[in-house]
Every structure is written in structure tokens, then in C-alpha cells.
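Worksheet: one structure, shown below.
Number of protein chains: 4
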Amino acid sequence: MPSIDLNADLGESATAADAAADHAMLALVSSANIACGFHAGGPYTIATAVERCVALNVAIGAHPSYPDRSGFGRRFLDATPDEIYYDVLYQIGALDAFCRVVAARLRHVKPHGALYNHAAVNTDAADAIARAVHDYNPDLALFAPPGSRLLAAADRIGIFTVPEVFADRAVNADGTLVSRRLAGAVLHDPAIVAERAVRMVLQQTVTSMDGVEVALAGKTLCLHGDAPGAVTRAATLRQALEAAGITVAPPSRDHDDGN
Amino acid sequence: MPSIDLNADLGESATAADAAADHAMLALVSSANIACGFHAGGPYTIATAVERCVALNVAIGAHPSYPDRSGFGRRFLDATPDEIYYDVLYQIGALDAFCRVVAARLRHVKPHGALYNHAAVNTDAADAIARAVHDYNPDLALFAPPGSRLLAAADRIGIFTVPEVFADRAVNADGTLVSRRLAGAVLHDPAIVAERAVRMVLQQTVTSMDGVEVALAGKTLCLHGDAPGAVTRAATLRQALEAAGITVAPPSRDHDDGN
Amino acid sequence: MPSIDLNADLGESATAADAAADHAMLALVSSANIACGFHAGGPYTIATAVERCVALNVAIGAHPSYPDRSGFGRRFLDATPDEIYYDVLYQIGALDAFCRVVAARLRHVKPHGALYNHAAVNTDAADAIARAVHDYNPDLALFAPPGSRLLAAADRIGIFTVPEVFADRAVNADGTLVSRRLAGAVLHDPAIVAERAVRMVLQQTVTSMDGVEVALAGKTLCLHGDAPGAVTRAATLRQALEAAGITVAPPSRDHDDGN
Amino acid sequence: MPSIDLNADLGESATAADAAADHAMLALVSSANIACGFHAGGPYTIATAVERCVALNVAIGAHPSYPDRSGFGRRFLDATPDEIYYDVLYQIGALDAFCRVVAARLRHVKPHGALYNHAAVNTDAADAIARAVHDYNPDLALFAPPGSRLLAAADRIGIFTVPEVFADRAVNADGTLVSRRLAGAVLHDPAIVAERAVRMVLQQTVTSMDGVEVALAGKTLCLHGDAPGAVTRAATLRQALEAAGITVAPPSRDHDDGN
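Chains as they are written, first to last, in the working numbering: chain A, 1 to 259; chain B, 260 to 518; chain C, 519 to 777; chain D, 778 to 1036.
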């Protein structure tokens, strides 16, 4: 029976409106990436986020970032591999403390924003992140783009990898995402996005911007929760997946997963 | 054979001069309290501090603070017990991550500055800290003033307590410290300070500002490393302790300790 | 012809939803208090906020806070008067730079959250704030509660004072606000709030929680923009003021104001 | 009569040892670059630094940085030109407030660390900084490397430029600094450094690493204060300048300066 993990970012704002959106997204996903205080969030938002994940049985992940609150972690910072290792380690440990005290389990790590994008193409940064995750707890999973340096680094060091795909982003013929600076990079039609999601799971393919059929094997699908209408789109996507007989569940580590 | 723990704060600055002073102090103490990023320090200073403690076989402790970098954690902040609990938990977890990856053990927690002072006299704050320490890891020790609310809270929840005393501070007739705002609150003469330290350990007494003999049972003695001449004074004190046949070692949990 | 200033806080979040709410509130008020980076906001939110105020002809004010991002400036911090003076000065200067480069004028200062509340009752804090405002620019106005220490300090040093009142808060018989910890402290019915606002302006009185008629002379009325339904309530209030023949405009410094 | 400005960074640490070093350097320089809170410092260190500059008659400058406290502003951050403009503007305004309240004059701006290095070679960043300085106050001077994009941007927008040179750094044949990653990039011999400084001022030349005579016209010479022995080396350099008949004074804007 086909299955996919749905993930969303959590705990990135302390305002009432954002907390409500967080709550709505949590009802739709199977994994959450919780902001650890470097691009957003802090002890109080973490505590709330962990508590909600436990209540809704959502798998808890760390969402570490470059230390860049004013830029929301979206800007490349020329940190050394050691600095990246220590920054990621600090954030994982801080978040895990909140899991421990409620007897929850930290399940995965998904780097945020510019750190995620940089580690996708830079081996030194990728190795630093993979080492931090592995050294902290070799049972943690790492979310990373299919075919990326980050995924390769995680494979090398021997931690569980979860390739992440996006149903609402146009892709190039090599499977990489089309830059947001180009027109058409982001897909807005809920029906088209849902259809792509279903095909990604059932056939592990996607149609590129140029009309080419591209193989793309994802185990988790990212839902964006911070744009107007995001919750509604996410709900449409989940309904389409379920209508197609797809189970939504955290990434499985079973042997027949091929990992 | 009499023994005492000597502790000092660590990792509170990234400058070369301060790092050198840190290093010198580490050679003299048996326990170190490492800044966790809320009043000072951060991932890189933590990594260095943990590495040095391991190299010099110094027991590692967390030194959590109110979130107040601009005031170095020295100012009371009217945080709720929940906020204190989450702030302390976050800092312990972040620091512990650095211990885990080098297979070192986090041994104790000593709150910093205004948080330490407030928890000494406020039961709600004391309980919040003791709970955070206990919930994270019930084997951690908590450093706190003798007779304080913080010590009582730790006793109640059942974690190991380490009463902390100061050889370079004048005390009142009830054993509490004389306020720094009063003349004579801080003792500067290395010989007098060393003599008080020896007597604190061997006789568990100290002479108050008014000349009264006060019972004061400490298991750890705080050495200040951040003032001019501090390292020299600390060395004098340690030599006096050893000359008096006192062993310097981390707090023991043996049953005959009376705990 | 009766008139009142309406003020709201601005630039306290970088999320799209909050920016939209900010924009809607700006169309309703005559003065805005812009977060300066210590409890919320930063260079980019300030730039946007100043630009919008200019476009909508809203008077620009600084909204300085204790340095407490994780607590949103809502927690008392035991800062010295010197620290308060420097913190406020820094924030006013930073914000004013954004006014200068677009040839706009900084008009007023309204302390935020716990700093506002503390200065209302503490003369040392009040004097520190009034001095910072005065020393930076003696033409700036200071928003403060009627009868407060802060208002008195501003009067003493000779800057223009603007007493601030709240139509959606219950008041005690002495005109002070009922603590939010008590039931009934916040009024939610838009019609009642609007009616109180009109009476505050036309008759300079308000009915206390105990039914006593209280004299309360305000020159600015604070509108809260951050709760669900806030914009709608604010629009209702403004319509009621205008229907009663009241002009909404920044605080006037005319002599017949009695200042 | 030949003259040169000597500049040093100020207010980058709150520790007692660093404050003492700051104080010693201030007695040797004619211009100081004060940290504005983004890589180091804050309201309290700024207040102290401005006060000391006034007492010692040292020209006051702003030392704005990327927002990167954990990396001390030494790491490139991929900020947009608008973000750079706003960050620099915020920091200049904050610092200037402290000048205004003591009736001192802010004289110059020297970008810090990675921001300085990036703007030296990137026109967009250079323009953003030059615009921020100009828009805030067109009378401010901008310190920048000779031949840099930053200097060119300042020239274009019409603000006073002060080319900055380093006597303790090896230079390439084109006058640029030898990368610190190469051996020999930093010169440590006080006599050699002093001799280079004198020749830079009197002959406006320097010998490159390869032995080539390079023309290098500086109007300010940077003294590093944060390394062991720095104050002694700076004193040696200043004595050598004075022995050679060179006046140490802030950059002159006289017409015969050629600007």
C-alpha cells in the first residue's frame, strides 16, 4: 500500500494568528519541523509545538538554521563547517530537551532555509550537518533533497535519509527546483498541485517545466503553511492523496523501503 | 580525608584574553559552569569549553541564565515559572549536546547571576529550576546557596544538591552574603580569603561581618575568574587548601556525605 | 471642535498576515508607535512601517522597550536608570534615522509594555525615559498614562505630554486600569467600547468598574491591533467618534489645549 | 607638514580587560570606530565609548556590521542591498543619538569586518552603504580601502572619502591586502611596521610582498587593538610617526587634500 510523509514547519512565530495556522497545519501532516531559536522561535514556542505534536501524534523534528533572526534564516552565511556543526548540534540538543521531558522522541532533522539550500550543493556544509546529526544520535533521520550533497553526506555517515519533494514547485529536467526568481517557479492551482503530489507518490515521477517526465523518488512531501490560503491548499492535497489510496504516515524504516 | 569542590564560570567571552584566563582557571578547579548562550557564550565557546574540561578532567556543568545578553544575566527579569522552566531546559539541552558528542557527562547545573539570586529566595522560581533539572536528568546535581529556597526545592524533588559557599564574600550572621552594595562585602586579601576557605572546609564555619561564628556547610567553593588578579588569588587559595590536607575534587555522592 | 488622537503599535512582526493587519490599522489611526528592535521588529520592519506612515500621513512615534525579544517586552527587567536611558536613546536614534532619510519627522515616543507600566509608577525609570526623550530632541512628545509618574517626569523636564487612555479597558475608581488578571478587565463589546471612547473625548469621563464616574482627560486613545477582530472593532470605534463630530488627528500643541 | 589619521575599533567588548585595552588605544589614535550592536557592543558600551572619545578629543565614527554577533561580523552574509542599506542606517542612527546628547559630532563611518571586505569588491553593497551614509548625513566621511568599489561609490554619491591603509599587513603588487590565509600576510615586527607606516605617509608608497614598490595613498591608518601586545606596537608606531615629523590628526577636508 503506497504511503508518504507530509511535513510542515512549526513554531516560527509567537503571534496568535500564526499559532492558529500552525495548529491547523498540524492536523494535516505526519511530521513537523520545529524552529529551534536561530531563525525563529525559542523555548516557549518550542514547548507549545512539542506539546501539540504529542497530542496529535505528529513526528517531531528539529529545524536548525543559520543564526539569522533578522533574515529568518533565508540568507547564505559564510560559516565554516565547524561553525555549522556546532550551530546544528546546539539546536538539536535544545529541542531534544523538550522531547525528553515529555517522553517524546525526536525523530528527524530538517535544516532550514539557506542552510538547507547551501548543504544541498556544498559537500563541506553537508558533511558538517550529517556529522552533527549522527554524532548526537545516529537513529535520527535527515530530510534532504533527492540527489543532493546533503543526502549523499547522510548516506556516507550511515544515518537514515528521507528524500524530500515539493508538489507546488516547478522542477528542471534534472529534478532540481526551478529558482523562485523565475516566473512559474511556484504552482498555485490546488488541483494541479494535488495531482502532482499523487503522481509523485504513485509513479515517483513529475513533469518538468519543459514538459519532460522526470524520475523523482520522495519519501516526504513539504507543505507550506505560511502563505494566505495555505491551510486550504494543504487540506486539498491531503484529500487527494487519501482518495488515491495513499497512506499519510511518518517515513518508514522498513527494509523494503530500499534503504 | 577532607575534600571540597572548586568551581568557576567558563565560556563567558570569545576574546583571546578571556580565553587565556579561562584556561588558567580550569587548571585550578574541579568543576566548571559553562555559559549556555543566554547571558554569554554560544555554540563555539561551548565547544571549546567542553573540550578543555575533558582534557583537564574537570566536571562539566550548565550555567543557565535569564535571556539577557545586554545585562550579562545580572538583572532580575520577571519571568513566569513556566518561562524559567523552559529557558533552563533549553540551555541544559543545548549544552548537553556538546557533552554527548565527545562522550563526556554533564554533571551539574548552576544557575547564573540574577536567576541564581532570585531562586535563592523565591520558591516558585526555585521549583521551576529544580523541575527542569530533574525532568531533564534526575542524576544531575544542582549547585545552590546553603539554606536557600533553591536548595530546598532540589531536595523536595529528589535531586542531588551541592551547597555552594564563597570564601571571598563577607557573610551576615544568618549565613547569607552581605550585599555587594555595602562596603566590605568583597574580601580582597588572598591570605584572608585562603584562611577562610580552609576553615570553611575543615570546620564548616565562617566568621560573619559582625564577628559571629556562623555554621556554613558547603560542598563547593566558587572561584571568581573575571577580575584582575583573579587567577593568582585562586592559585593561592588552592595551595592553602592542599597545604591543609584538603583534597580538591568534584562533589561526592557517597552515602557518608549525609545526602 | 472636539478632537482626539488614535494610536496603534506598528512593525511588531514580519509575517505577511501581521503586515496586512498593520496596514489595515494604519488607515484608522492618526499616530503609530513603531517597534525599534528590542521587543520586536528591526531595520526592515521599521523601513516598511515608516514608509507606510508617510504614505498615509500618520504621525510617527518610537516604541522603545526593555531588551526582551523572547518575552516581547512584557516582563519587568530590573534595569538601572542609566540602562533605561541608554536603551531608550539607542532605539529612538535608530528609528529616527529612517525618518530622516525620507524627510519625515519623528513626533513622539511611547514606551512599550513592561517599560511603560514600570515607568508609570516608578520615578527613577520615568525620569530616565523623560531625559532620554528630552536630550535627544526636546520637541518630541511623550505618551504616558494620565496621573502617572511618567507624565509627571515629562512635565518636569519640559517636554510635551500626551495622556493616553484606553476605551476597551475597565478602570478603577482612581482612573488606573483594572489588572488584566481580574475578570472584566478587558471590554470586548464594540458598541460599549465605542460609546466609552466618545464619552472620554466629549466629557473626559469614564465609568469605573464599580459604577463611579471618573474624570479622565486623554489626548490619545490606544487601539489594539493584534487580537482577532481588532481591525473591525477599531473601525467601529472610529466611525462612532466621527459620527459624534469628533476629529481624529495627532495631538495638537495649541495653547488652548491647556498644555 | 605631513599628517595622518590613526583609527582603532572601540566598544567591542564589555569585559574589564578589554575596556582597559580600549582606553589605552584611545590615547594613541585620532579617530575611533564604535561598535553599534550588530557584531558587538550595545547601548552601554556605546555610551562609555562616546564619553571617552569626547574626553580624549578623538573623532567619533560608526562601525556598522552585518547582524552577526555569534560570528563577530566576520562572515559574509548574503544580504540584499536594501537590507544592507537599512542595517547600516539603523546602526548609524543608534550611535549618533549618543553623540547628540553630549553635543558631540559623529564624523565618519567605517564598515566592519565582512561587510567592509564585501563592499570593497561589490558595487551593489558599496552603493548601499554609501547611500545610507549620504542619506543620513552628507557631511559624514566614509573610510574605505584605496581603489575599492566602496571608495568609488562614496565618490559617486559625493561624500567625503578617507582611504584606509594598514602598516601591519603585506600587500600585493596591485596594492590590495595579501589574504590572511597566506603565510606572511600579517607583519609582527614593530620596527618594520613603524617604518612602513612612516613611508606610507611621507612617500605614499609601500613595498609589496614580491618586492615591488607600490603607490598607496592613505589618509587613515588602522591600528589593531585586540591582539596581545597590540597597545605596545601601536605606541611604537605612533612614536615613529611623530619622530618623523608627522602630525596625527583626524582626516582633513581642506581643498589642498585633493578631495
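Using N, Cα and C, we set each Cβ at its ideal position, and we do this for glycine too.
Item to complete: Determine the contact status of P940 of chain D and G890 of chain D, defining contact as a CB-CB distance below 7 Å.
Response: no
So, for D516 of chain B: in the same chain, excluding its five sequence neighbours on each side, which residues have a beta-carbon less than 7 Å away from its beta-carbon? In this prediction, D516 of chain B has a pLDDT of 44, which is less than 50 and means its spatial position is unreliable; what the coordinates show is noted afterwards. Counting only Cβ-Cβ distances below 7 Å, and skipping sequence neighbours, we find nothing.
Quick check: is the beta carbon of S531 of chain C nearer than 7 Å to any beta carbon in chain A?
yes
Could you give the first and the last residue of the continuous alpha helix (DSSP H) run that contains F875 of chain D? 858 to 877
Exercise for the section: For R107 of chain A, name the three-state secondary structure that DSSP assigns. Expected result: strand
- Query: Relative to the ligand ATP, is the shortest distance from any of its heavy atoms to the C-beta of S842 of chain D smaller than 6 Å?
  - Reply: The ligand ATP is absent from the structure shown, which contains no ligand whatsoever.
| Taking Cβ positions, are I764 of chain C and I522 of chain C nearer each other than 7 Å? | yes
Spatially closest choice to A24 of chain A from A:R238, A:R107, A:S208, A:G147, by CA coordinates = A:R238
So, does the CB of A294 of chain B fall closer than 7 Å to a CB anywhere in chain A? no
* Could you tell me which chain D residues have their CB closer than 7 Å to the CB of D605 of chain C, listed as they occur along the chain? => P820
### Query
Is DSSP giving V568 of chain C helix, strand or coil here?
helix
Quick check on N241 of chain B: buried or exposed, where buried means 16 or more other Cβ atoms within 10 Å of its Cβ?
Residue 241 of chain B is absent from the model: chain B starts at 260 and stops at 518.
Q: Quick one: using the 10 Å Cβ neighbour count with 16 as the cut-off for buried, is V620 of chain C buried or exposed?
A: exposed
Margin query: Check whether chain A comes within 7 Å of V360 of chain B, counting only Cβ atoms and requiring the distance to be less than that.
Written below: yes
*Chain-ordered neighbours of G93 of chain A on chain B, where CB pairs are closer than 8 Å*: G352, A353, L354, D355, A356, F357, R359
Exposed unless 16 or more other CB atoms sit within 10 angstroms - verdict on L374 of chain B
buried
Practice problem: Show which residues of chain A have a CB atom less than 8 Å away from the CB atom of F590 of chain C. | Solution: A14
Nearest-angstrom Cα separation, counted from T466 of chain B out to H514 of chain B: Residue placement at H514 of chain B cannot be trusted, given a pLDDT of 47 that sits under 50; what the coordinates show is reported in the next sentence. Their Cα atoms are separated by approximately 29 Å.
Checklist entry - Tell me the DSSP bridge mates of G729 of chain C? => result DSSP lists no partner for G729 of chain C.
ask   = If you follow the alpha helix (DSSP H) that P449 of chain B is part of, which residue opens it and which one closes it?
value = 449 to 461
**Asked** Taking C-alpha atoms, which residue in A:V50, A:G73, A:D155, A:I60 lies nearest to Y345 of chain B?
**Response** A:V50
Original post:
From this set, D:M778, D:S808, D:Y821, which residue's C-alpha is nearest G788 of chain D's C-alpha?
Top reply: D:Y821
* To do: Count the other C-beta atoms from every protein chain shown that fall within 10 angstroms of the C-beta of V198 of chain A, then say buried if there are 16 or more, exposed otherwise.
  => buried
DSSP state of E423 of chain B mapped onto helix, strand, coil
strand
Quiz prompt | Alpha-carbon to alpha-carbon, I46 of chain A and E860 of chain D | solution = 28 Å
Where G935 of chain D falls: helix, strand or coil (DSSP): coil
Out of curiosity, what's the CA-to-CA distance linking A752 of chain C and V704 of chain C? 15 Å
| message | So if DSSP puts H840 of chain D in a beta bridge, which residue, or which two residues, is it bridged to? | response | D:A812
*Between N551 of chain C and D527 of chain C, which are expected to be in contact by the criterion C-beta below 8 Å, what is the C-beta distance as a whole number of angstroms?*
5 Å
With DSSP run on the structure shown, which of helix, strand or coil describes N172 of chain A? coil
query: How many angstroms separate the CA atom of G330 of chain B from the CA atom of H298 of chain B?
result: 7 Å
P520 of chain C: buried (16+ other C-beta within 10 angstroms of its C-beta) or exposed? exposed
- Message: Here's a check: name, in chain order, each residue in its chain whose Cβ is nearer than 8 Å to the Cβ of N518 of chain B, leaving out the five neighbours to either side.
- Response: Its pLDDT being 38, under 50, N518 of chain B is placed unreliably by the model, and the measurement read from it follows with that caveat. Answer for N518 of chain B: F419, T420, R512, listed in chain order.
Going by beta-carbon coordinates alone, are L216 of chain A and V178 of chain A separated by less than 7 Å? no
### Query
Is there a Cβ from chain A that is less than 7 Å from the Cβ of Y349 of chain B?
yes
Exercise for the section: Taking the CB atoms as reference points, tell me whether G332 of chain B and S290 of chain B lie closer together than 7 Å. Expected result: no
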